[in-house]
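If you want it as structure tokens, here you go:
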């Protein structure tokens, strides 16, 4: 309750959180949060054509260099519908500075995207963390082929298994949904609206998060 009051006093309208499938129902029932529509994890299918993206290992030299400003010179536009983070080169640099992480930034014709890799049992899995449009001046929504991006990640991380979790208007193609029972800890989006004199700052039931992926929180 104290954190809610502090957030409201500092001009925040609410909290968007990520909870696992075990804790999310308790947050809804006991604490007044609302669970947003479930987002499935999915495997993206790589193609056979050689990837066309350029790739950069994210290290200190990269973070201190001009690459991010070159490919993300202006803030990303908000989604046409719904809500999402407005990314800048500065915000992306801060996010990629996470200690101990191993990120790769890829540059495609219309998008930049971020990846990492992990192991699930004996298998190496490439993780697509975020897709961002390069050309924010375009009126149309930039959409990249999931097959093309998966091809780049499969080649970079030397595995045919490419996993994506989240929702984004900048990725075209559905992939293969991963059933909840195969997820180590299925994730759910939850939201809590702060109130003013008992009235919520926004309608939780009408909230539409249309751009949210792994890089928008601290899973990797």
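Residue numbers (the working numbering): 1 to 220.
Think of the CB as a built atom: it goes at the ideal place given N, C-alpha and C, for glycine as much as any other residue.
Residue i versus residue j: straight-line alpha-carbon distance, rounded
i           : j           : result
residue 39  : residue 18  : 11 Å
residue 202 : residue 72  : 31 Å
residue 190 : residue 41  : 17 Å
residue 117 : residue 85  : 23 Å
residue 34  : residue 175 : 28 Å
residue 168 : residue 147 : 15 Å
residue 62  : residue 182 : 36 Å
residue 157 : residue 163 : 12 Å
Per DSSP, the bridge partner or partners of residue i
i           : result
residue 220 : DSSP lists no partner for residue 220.
residue 39  : According to DSSP, which records beta bridges pairwise, residue 39 is partnered with nothing at all.
residue 166 : 213
residue 222 : Look at the range of the chain in this structure, 1 to 220, and you will see that residue 222 is not part of it.
residue 181 : Looking at the DSSP assignment, residue 181 forms no beta bridge with any residue, so it has no partner.
residue 172 : 145
Closest by C-alpha distance to residue i, when choosing among the options
i           : options            : result
residue 90  : 49, 70, 100        : 70
residue 172 : 86, 141, 195       : 141
residue 134 : 42, 67, 4          : 67
residue 20  : 216, 199, 117, 188 : 188
residue 223 : 80, 144, 64, 88    : Beyond the ends of the chain as shown, which are 1 and 220, falls residue 223; an answer cannot be given.
residue 4   : 49, 198, 76, 121   : 198
residue 97  : 114, 27, 210, 208  : 114
residue 170 : 24, 10, 49, 130    : 130
residue 218 : 31, 99, 30         : 99
residue 178 : 12, 45, 94, 76     : 45
residue 132 : 143, 119, 111      : 111
residue 47  : 145, 215, 208, 186 : 145
residue 24  : 185, 14, 64        : 185
6 Å Cβ shell around residue i - same chain, five flanking residues per side excluded
i           : result
residue 159 : 124, 126
residue 51  : 151, 152, 155
residue 195 : none
residue 102 : 116
Contact set for residue i: own chain, Cβ-Cβ below 7 Å, skip 5 residues either direction
i           : result
residue 57  : 104
residue 78  : 84, 86
residue 53  : 106, 107, 108, 152
residue 204 : 34, 191, 193
residue 210 : 79, 81, 82, 83, 84, 167, 169
Cβ-heavy atom distance, residue i to the ligand MG, below 7 Å
i          : result
residue 79 : Summarising the ligand content, the structure contains no ligands, and the ligand MG is consequently not present.
- Sequence ranges, alpha helix (DSSP H) only - wholly within the stretch 6 to 78, length at least 4: Taking 4 residues as the minimum length, the alpha helix (DSSP H) runs contained wholly in the stretch 6 to 78 are 23 to 31, 60 to 64, 67 to 71, in order along the chain.
- Which whole runs of the alpha helix (DSSP H) in the stretch 95 to 162 are 4 residues long or more, in chain order? The alpha helix (DSSP H) runs of length 4 or more contained entirely in the stretch 95 to 162 are, from start to end of the chain, 146 to 157.
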